[in-house]
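The structure under discussion appears below in the form of structure tokens.
In my numbering, the protein residues as written are 4 to 264.
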């Protein structure tokens, strides 16, 4: 889903209300997220698919050193120029050799990667992408947990070029409805940072982007995404210093990727 970086408190299965500092995802789901990103990142590097962590996962990488405890999903971006590489039969084959499969939603123009043979994600009214999963091709279903892969516009010529997410009004941000746009200088280069037991790629201008989109205190304060607030899921901001710990666990052991020779 197109998530923010946090969500409001909700009752857990016992009826108690979880605090803002507690881990939202089950440990086995958290570990699978770390593993899929570790493998997919290595495969994308091997096939020349450029990628970097994005949205709430980018905040988690820079602020929390991993998947944030209050995260519900995992997100990366790729440039539109690399979409054909991503869908190449060899990339799909090597994803399969590593136990993953790729799916595409032509409505939102985004991808998901999940463990082969995993259970179908329950259809959920709060996430338009999952209401009718027959749109997800070729499987006509969505497995879980799934890594979200979003597509960003190719760079335009000129000093002040901006890059928007390629998407439609209903499912994701685009030029008409969203201010989440990258500036050319912010994507001029990338570097690696720790992410649990592994590492992820982040844009050199990520702090400036996050300050513009999430506010100057993104590194010190946890707050809901504007989407969540607009859907009645807002909550009071939480100082990061009030969290007992930041990154979701466990973050390992990671699996060694099976890579082409």
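All C-beta atoms in this analysis are idealised placements derived from N, C-alpha and C, irrespective of residue type, glycine included.
Being a predicted model, the structure only gives us computed values, none of them experimental.
Query	Result
Nearest residue (CA-CA) to residue 70, options 155, 262, 255	255
Cβ shell of residue 156 (< 7 Å), same chain only, five flanking positions each side left out	83, 166, 167, 169
Nonlocal neighbours in the same chain, by C-beta distance under 8 Å from residue 65, ignoring five residues either side	196, 205, 209, 210, 213, 222
Cutoff 6 Å; reference residue 85; Cβ partners in own chain excluding five residues on either side	52, 53
Best match in 207, 78, 149, 188 for proximity to residue 122 [C-alpha to C-alpha]	149
Where residue 207 falls, given that 16 or more other Cβ within 10 Å makes a residue buried	exposed
Inter-residue spacing [alpha-carbon to alpha-carbon] between residue 217 and residue 103	32 Å
CA nearest to the CA of residue 185, picked from 55, 136, 243	55
7 Å Cβ shell around residue 67 - same chain, five flanking residues per side excluded	249, 250
Cα-Cα separation, residue 48 to residue 109	25 Å
Short Cβ contact (7 Å threshold) for residue 40 with residue 97	no
Per-residue DSSP class, three states only, for residue 207	coil
Check whether residue 145 and residue 114 have beta carbons under 7 Å apart	no
Assigned secondary structure, residue 129 (DSSP; H/G/I helix, E/B strand, else coil)	At residue 129 the pLDDT is 48, less than 50, meaning the model places this residue with poor confidence; the figure from the coordinates comes in the next sentence. Of the three classes helix, strand and coil, the one that applies to residue 129 here is coil, per DSSP.
Contact check, residue 77 vs residue 57, beta carbons under 7 Å	no
Limits of the alpha helix (DSSP H) - the one that residue 28 falls within	Counting along the chain, residue 28 falls outside any alpha helix (DSSP H), and DSSP gives it neither H nor E.
7 Å Cβ cutoff met for residue 200 and residue 257	yes
Counterpart residues of residue 154 in DSSP-defined beta bridges	81
Assigned secondary structure, residue 52 (DSSP; H/G/I helix, E/B strand, else coil)	coil
Per DSSP, the bridge partner or partners of residue 224	242
Backbone CA spacing between residue 142 and residue 81 [nearest angstrom]	22 Å
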